Amino acid sequence: AQSVTQLGSHVSVSEGALVLLRCNYSSSVPPYLFWYVQYPNQGLQLLLKYTTGATLVKGINGFEAEFKKSETSFHLTKPSAHMSDAAEYFCAVSHNNAGNMLTFGGGTRLMVKP
Amino acid sequence: EPEVTQTPSHQVTQMGQEVILRCVPISNHLYFYWYRQILGQKVEFLVSFYNNEISEKSEIFDDQFSVERPDGSNFTLKIRSTKLEDSAMYFCASHNRNTEAFFGQGTRLTVV
Chain W
1 AQSVTQLGSH VSVSEGALVL LRCNYSSSVP PYLFWYVQYP NQGLQLLLKY
51 TTGATLVKGI NGFEAEFKKS ETSFHLTKPS AHMSDAAEYF CAVSHNNAGN
101 MLTFGGGTRL MVKP
Chain X
115 EPEVTQTPSH QVTQMGQEVI LRCVPISNHL YFYWYRQILG QKVEFLVSFY
165 NNEISEKSEI FDDQFSVERP DGSNFTLKIR STKLEDSAMY FCASHNRNTE
215 AFFGQGTRLT VV
């Protein structure tokens, strides 16, 4: 069984500040991990994914995430927030690379203050 | 850039009515999914579909739900007799063997 916990349903940062969105997972098999972003009135867009290999993964729009097996975490970061980053972010886990049957976290709404 | 297309964007239906949500996956994709998100809750897996049959389904996907790929392009989700608790955003997704899932924009279903 798999599960994902995202700490903080709402996160507010100032423009230019560090963004840190937390994700912890549980999985009985080696996990494949994903971050999706949902802008208002749009679908889910893949930001980045971890499958195997390098544990620091870079994605689109300057985001990156680090897989830490010992902490069962896959936190999403961005050094400097931009107003356009305001959206809902979902962490998800799967047991294969293709994203078959994704199990999602509850989502974190990121707000960026000017 | 290819995308997953869902129609309609918003559907309002009366309780007990049948509703069909439509999706056009990316054309060369082989794996298809439906997920739903009740307002304020997690995105939940409903069903996956491959090679013209259901490959996995969740507990949510009971006898009231069915999926179909009636032709080479559409992938539909039917709810036979809608309940108030079926109100949610329904997302379709598709992928190929070694790609991540691509999601549509969703259909907001409101049951009144």
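Heads up: the protein sequence lines correspond to chains W and X, in order.
First residue of the first sequence: 1, per our numbering; consecutive thereafter.
First residue of the second sequence: 115, per our numbering; consecutive thereafter.
Ideal Cβ placement from N, Cα and C applies to all residues, glycine included.
Fair warning: this is a prediction, and the values are worked out from it, not measured in the lab.
At least one CB atom of chain W sits nearer than 9 Å to the CB of X/GLU158. With the criterion set as a beta carbon lying under 9 Å from some beta carbon of chain X, the members of the stretch 33-64 of chain W are PHE34, TYR36, GLN38, ASN41, GLN42, GLY43, LEU44, GLN45, LEU46, LYS49, in sequence order. No residue range can be given for W/PHE63, since it is assigned to no beta strand (DSSP E) and is classified by DSSP as neither H nor E. Taking 9 Å as the threshold, the shortest C-beta distance from X/GLN125 to chain W does not fall below it. Annotation for X/GLY218: GLU117, VAL118, THR119, GLN120, CYS137, PHE205, CYS206, ALA207 place their beta carbon closer than 8 Å to its own, counting only its chain and skipping 5 residues before and after. Of the residues assessed, W/ALA54 falls on the exposed side of the cut-off, its CB having fewer than 16 other CB atoms within 10 angstroms.
Counted as a single uninterrupted DSSP element, the stretch harbouring X/MET129 is not any beta strand (DSSP E), since DSSP gives it neither H nor E. CA-CA distance, X/ARG211 to X/LEU144, rounds to 8 Å.
Under DSSP, W/LYS69 shares a beta bridge with no residue. In the DSSP assignment, W/TYR89 falls within the unbroken beta strand (DSSP E) covering 87-94.
A straight-line Cα-Cα distance of about 42 Å links W/ALA65 and X/GLU132. Secondary structure at W/SER84: helix, using DSSP grouped into helix, strand and coil.
In this structure, W/TYR25 keeps its C-beta atom at 9 Å or more from the C-beta atom of W/THR52.
By the beta-carbon neighbour count (other beta carbons within 10 angstroms, threshold 16), X/GLU158 is buried. Under a criterion of Cβ atoms nearer than 8 Å, the residues of chain W adjacent to X/PHE217 are, in order, TYR36, GLY43, LEU44, GLN45. For X/GLY220, the chain W residues whose Cβ falls inside 7 Å of its Cβ are GLY43, in order along the chain.
CA-to-CA, the gap between W/PHE90 and X/THR127 works out to about 29 Å. Taking a Cβ-Cβ threshold of 8 Å, the residues of chain W close to X/PHE205 are GLY43, LEU44, in chain order.
Residue burial annotation: X/GLU214 is buried, with at least 16 other C-beta atoms found within 10 angstroms of its C-beta.
In summary, W/LYS78 is buried, with 16 or more beta-carbon neighbours lying within 10 Å of its beta-carbon over all protein chains present.
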